[in-house]
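In the UniProt record's numbering, the protein residues as written are 13 to 260. Remarks on the structure that follows.
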Ligand code: G3P
Ligand code: MG
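Structure, rendered in structure tokens:
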């Protein structure tokens, strides 16, 4: 019972690594975020056909890899053969779709705090929440960097809670849900993650007053970030951590 402890956040969180500076959801992207000064990163995790958690955003491969079709129809061995960097820039050719386990090793090496977004393919919400939580429970040191799970999918958060109750969770939504208080309580979530374009500054002030840490995606200018943080947001997700850190 009781809300999970709120993890100590930094105001600037690299989105999908540093999505404007390196291919999203790759090991190069995590390293780039760190190099640009981010202390926290967010990335998306989905299951392969054979149940391995990997970093990727879309349910299909076309946009961010050299492959075709659904992630959930490919085994890890099949995904391994794909290029996940060349689409972004030739210098990143050879980047692969990383496993969560590989990403964890890089995060621990760099001391990067992580918001792991559970991004299940439709119908695999529970399996994905369980697999992500199980992997983190097994490999993330209790005295390691800070960790925050999140998902748009309530069943995925419930599964993570059952599997690894002590890893803090955040509830993701686009707009502020009408039942946000009940939802946070029911899922025992410490934070609320919203689309910055769909929440008013007045709402941010109200949520700050209520003591709810709000994290906003995706904010790519320093002026907008400053306005949101001044209005009470706890942090913003950005594709360009260097731009925000230079301007704040
Ligand atoms: O976790 C914040 C943000 O990443 C949610 O949206 O589509 O970029 O995963 P999306
Ligand atoms: Mg995400």
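Glycine included, C-beta positions come from ideal geometry on N, C-alpha and C.
Asked	Found
Can residue 111 and residue 157 be called in contact, C-beta distance under 8 Å?	no
Roughly how many whole angstroms lie between the Cα atoms of residue 14 and residue 150?	Only weak support is given to the placement of residue 14: the predicted model assigns it a pLDDT of 40, under 50, and the value that follows is read from those uncertain coordinates. Rounded to the nearest angstrom, the two C-alpha atoms are 24 Å apart.
If you run the structure through DSSP and keep just helix, strand and coil, what is residue 151?	helix
Is the segment 151-170 in contact with the segment 126-141, if contact means three or more CB pairs nearer than 8 Å?	yes
Would you report the Cα separation of residue 119 and residue 46, rounded to the nearest angstrom?	9 Å
For the candidate residues 179, 84 and 192, whose alpha-carbon lies nearest to that of residue 215?	192
What is the residue span of the alpha helix (DSSP H) that residue 116 lies within?	112-122
Can you give me the Cβ contacts of residue 97 inside the same chain, cut-off strictly under 7 Å, excluding the 5 residues immediately before and after it?	35, 38, 40, 104, 105, 106 and 107
Which one or two residues does DSSP pair with residue 56 in a beta bridge?	129
Are there 16 or more other CB atoms within 10 angstroms of the CB of residue 222, so buried, or fewer, so exposed?	exposed
Taking the beta strand (DSSP E) that residue 207 falls in, what are its first and last residues?	203-207
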